[in-house]
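Chain order of the listed sequences is A and B. Here the first sequence is numbered in the working numbering, starting from 18 and rising by one per residue. Here the second sequence is numbered in the working numbering, starting from -13 and rising by one per residue. No residue lacks a Cβ here, since even glycine has one placed at the ideal position from N, Cα and C. To keep things clear, I will list the structure first and then write my remarks on it.
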Amino acid sequence: MFWRLLWQLLRASRGRLAVALVAVVAGAAVCSALVNLHLDAERKLTREFRTLGANVVVSPARAAGTGGEAPLLDTSVLDKIASSRGPEVVAAAPYLYVVARTTDGRSLILAGTWLDEVQRMSSWWTLQGDWISSRDDLARCLVGRAVARQFSLVPGRELVLRYAGRSVRLIVAGVVNVGGTEDNQVFVNLPVAQQLAGLEGRIGVVQMSVTGSAAQVEQMARRLAAALPGLDVRPIRQIADAEGQLLSRIRVLIFATVVLILALTALCVLATMAALAMERRRDVGLMKALGGSMNRVIRLFLTEAAILGVVGGALGWVGGVFLSGWIGRSVFGSAISPRAEVLPLTVALMFGVALAGALPLRLLGHVRPAVILRGE
Amino acid sequence: MFFRVVGESFARNPRRKLLMAAALVLGMAVATATLTVVLDVGDRLALEFRSLGANLLVTAQSDSLPLEIGGVDYRPVDEGAYLPEAELGKLRTIFWRLNVVGFSPFLEVPVEFRTHARAMTVSRGTLIGTWFEHDVPVPDGTSFTTGTRITHPWWRVDGRWPAEGARECVVGVALAQRLGIRKTNSLALRAGDSDVSLQVTGILSTGGPEDEAVVAPLAIAQSLAGRPGQYRRLLVSALTKPEDEFAKRDPSAMTPVEYDRWYCTPYISAIAYQIREVLPGVEARAIRRVAESEGHILTRVSGLMWLVTLAALLAATLAVGAASATTVLERSSEVGLMKALGAPGWTISLFFLAEQILIAFVGGIAGFGIGVLLARFLGQSVFGIPPTLRLILLPVVLVLATLVALLGSLLPLRRVASLQPAPILRGE
């Protein structure tokens, strides 16, 4: 009986219900898209921050009281880093710096590294010529813009570097414009620098680019430090500090706006549902006149509102997935992955709002059927 | 007659108007708040990005190749070119002087040092001379306080910063650990023939190459290097606008109008150009790692905020539209009565529209007021500074409110106008 009544009720007023449903679906879509966006924005933004390059450095531990020059690392460190490397590590490159001399006696800094890894953490470098994409290419080098200008080098030219009686002959593959210290350096693959310096199997530091929040990076650094006893693993403070501060600001900003919009959408749905409830006055009057108990009547209408809220919420969630996907593509260039936990949240929110909108029905409890049926 | 009907409607039934007015006030308050915040968010975030440190590097034009690793120059003092410190005040006279947040000159000197703790150990290292917090006289008679406290906010000291002009220094944390230096020790430095003894006031931790060096006021490094009043490189932290396609063009190939537009926009290239104008013989370059990421992230975040604002506007529109549709539908019996009394459809519509516009105006103004307060609160709690009040938003919000109220009532009005009066009056 109850369900048949409900079914008839829904069928009879499908026009009105469709309008209310549109409002609920639109509200739910906006809400779920924004909550989705809010949950994903931080992860997306931390990835954007990786355009800043390396944010973790592995260096020899600062042993107290040893004095003298900073010590070097052994290449076996690299294997250990590689074995504990998770998906959060965007790139990791070892560096060995050598102050080499050119044939005319001027000094410059030769940086031995893994150029394929460097490419992944140096989005801001612009290149003229070719990049050295193989780690085994030992005959070519990349030169910084200032070096190229000072020694009038262009891609294809030859550069001879000397250090302590040894020398190496390199072909310039490309000129990099970095806009920083690196403009004054020459980049080669690690073995070239090691052989020139006579430091086979040694490196100076390892630079890593790690995604994640400041806490995640810190945690990853601690884990790595535990795996590498005797080494110093630390996040680069300049980047970590700025990133943390900026992210927290942006997060609060988005959160505040999302809360405002949620309130507004809830209000909108509430208004629609309240209007629907007020229109039901005549039905209530009729049911009471036919002897329906007020409890039953109210239950009927609350169920109607709840169905509206749940169906609208679920449909709106689907709309929200598309909406947040579109926002993600247009802002970040990659879609925002839909979160399953947003579905119950949206449905629950819409359910609550729809029920709240049906509350004015309670006021109808003491309505006298005769008055309503007369149309007053 | 017309106005009397409208007036009566407000006087007789204020509660009916309440829902509509509440929706309008709330919707417009949110629209005002989000618009105010989003218009300011670029500037605010650009300022926050200055915590990444300098984005411009100034060096001498005719310099030899710096032997820099990680930002510390290892060249001997007799090599390369220097720049005069006295001209630095001019940086605050360029067109975009207010966008120059801070600058710090640097001079690195290779030194030998002896700690008094271990009298016999002699080690080699680098002394970095810079300003910590320095008053620079500006040619227009004012003075400007700047230094690493502004350009390098991530530097932390355990102890206190050296006073300008005192024989004091801070020691990098790695070097201090290696040599066993504490923050009350004194340190004897020697470079070439000059000696100086410095009081260690603190242990510096930067997470960078300065951790391996001694950092002292610029004047001490100058006297040790025998280069009074000179520095090697200057780091400038400036507020900039993210580079777009226009900024990437070569200024020398622009038409005069384009050139003016470029010059009067705080692009990093324009600020670098203006620095070259006031400091002769220098090369000013963008530190692209910082500048490019900043532009990148700023574009993303402001795009995101605009979309969220759009969503807020949409939600506000929806709320106001729904409320206004409800108020019109609620009054179908009134419409029936008017029709029965012989009023033509358009008069009824006009009557309702006039009512909606009136509510939209009152609600829009109230919403604007509340929205400004909301934006102040938001800006204060997120950035610590309230956003600038933009009165231009008032007409925008009023027009939006009117449009939305009209749009929301037009559809139901058309339905109401086509109704037959008799069934409505019968209450069907």
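Query: N- and C-terminal bounds of the beta strand (DSSP E) containing I189 (chain B); Result: S180 to S191
Query: Residue-level contact to chain B via CB, G82 (chain A), 8 Å cutoff; Result: Note that G82 (chain A) scores a pLDDT of 44, beneath 50, so its modelled location is shaky and nothing firm can be said.
Query: Cutoff 8 Å: G85 (chain A) Cβ touching any chain B Cβ; Result: Low confidence applies here, because G85 (chain A) scores a pLDDT of 45, under 50, leaving its location unreliable; read the following figure in that light. With 8 Å as the cut-off, G85 (chain A) counts as an interface residue toward chain B.
Query: Cβ pair A302 (chain B), L281 (chain A) closer than 8 Å; Result: yes
Query: Sequence-distant residues of its chain with Cβ nearer than 7 Å to R268 (chain A) (five each side left out); Result: E59
Query: Host alpha helix (DSSP H) of Q163 (chain B) (start-end); Result: V159 to L165
Query: The beta strand (DSSP E) enclosing N194 (chain A), as first and last residue numbers; Result: R183 to N194
Query: Endpoints, alpha helix (DSSP H) assigned at Q406 (chain B); Result: Looking at the DSSP string, Q406 (chain B) is not in any alpha helix (DSSP H), and its letter there is neither H nor E.
Query: Neighbourhood of G88 (chain B) by C-beta, 6 Å cutoff - its chain only, sequence neighbours within 5 removed; Result: T132, I136, T137 and S223
Query: Contact list for the stretch 281 to 294 of chain B against chain A, Cβ threshold 8 Å; Result: H282, I283, R286, V287, G289, L290, M291, L293 and V294
Query: Span separating the alpha-carbon of A199 (chain B) from that of Y259 (chain B); Result: 32 Å
Query: 8 Å Cβ cutoff met for L360 (chain A) and W334 (chain A); Result: yes
Query: Near-chain B residues of the stretch 99 to 126 of chain A (beta-carbon distance less than 8 Å), N- to C-terminal order; Result: Y114, V116, R123, S124, L125 and I126
Query: For A210 (chain A) and S101 (chain A), the rounded distance between their alpha carbons; Result: 26 Å
Query: Contacting positions in the stretch 136 to 155 of chain A - beta carbon closer than 9 Å to chain E; Result: Note that chain E does not occur in the displayed structure, where the protein chains are A and B.
Query: Which residues DSSP lists as bridging L221 (chain B), in chain order; Result: B:L43 and B:S90
Query: Residues of the stretch 326 to 348 of chain A with Cβ closer than 7 Å to any Cβ of chain B, in chain order; Result: I344 and V348
Query: Minimum length 4: unbroken alpha helix (DSSP H) runs contained in the stretch 274 to 353 of chain B; Result: 274 to 316 and 318 to 326
Query: Chain A contact residues for L53 (chain B), given Cβ-Cβ distances below 8 Å; Result: V116, S124, L125, I126 and N201
Query: Short CB-CB distance (under 8 Å) between G328 (chain B) and chain A; Result: no
Query: The stretch 228 to 239 of chain B / the stretch 138 to 158 of chain B touching (three or more Cβ pairs under 8 Å); Result: no
Query: Buried/exposed call for G82 (chain A), threshold 16 Cβ in 10 Å; Result: Confidence at G82 (chain A) is low in this model, with a pLDDT of 44, below 50, so the placement of that residue should be treated as unreliable; the coordinate-derived value is given next. The residue in question, G82 (chain A), is exposed, as its Cβ has fewer than 16 Cβ neighbours within 10 Å.
Query: Extent of the continuous beta strand (DSSP E) run through N206 (chain A); Result: Q202 to N206
Query: Nearest-angstrom Cα separation, counted from P252 (chain B) out to T20 (chain B); Result: 25 Å
Query: Three-state class that DSSP yields for H138 (chain B) in the structure shown; Result: coil
Query: Contact set between the stretch 180 to 209 of chain A and chain B, restricted to residues whose Cβ is under 7 Å from the partner; Result: V195, G196, G197, T198 and N201
Query: For G126 (chain A), the first and last residue of its enclosing beta strand (DSSP E); Result: According to the sequence shown, residue 126 (chain A) is Ile rather than Gly. Residues S124 to T130.
Query: Continuous beta strand (DSSP E) stretch holding T116 (chain B): start and end; Result: V108 to T116
Query: Complete alpha helix (DSSP H) runs within the stretch 287 to 323 of chain A (minimum length 4 residues, chain order); Result: 298 to 306
Query: Test item: CB-CB of L63 (chain B) and A211 (chain B) under 8 Å; Result: A small correction: the amino acid at residue 63 (chain B) is Val; Leu does not occupy that position in the sequence shown. Yes. Within cutoff.
Query: Per-residue burial, D26 (chain B) [other beta carbons within 10 Å of its own, 16 or more giving buried]; Result: buried
Query: Nearest-angstrom Cα separation, counted from V203 (chain A) out to Y249 (chain B); Result: 34 Å
Query: Proximal chain B residues relative to V269 (chain A), where beta-carbon distance stays under 8 Å; Result: S367 and V368
Query: Alpha carbon of E278 (chain B) to alpha carbon of F368 (chain A), nearest angstrom; Result: 46 Å
Query: Proximity test, Cβ basis, 8 Å: A301 (chain B) and chain A; Result: yes
Query: Proximal residues of chain B, C-beta to C-beta of R254 (chain A) below 7 Å; Result: W140, T192 and G193
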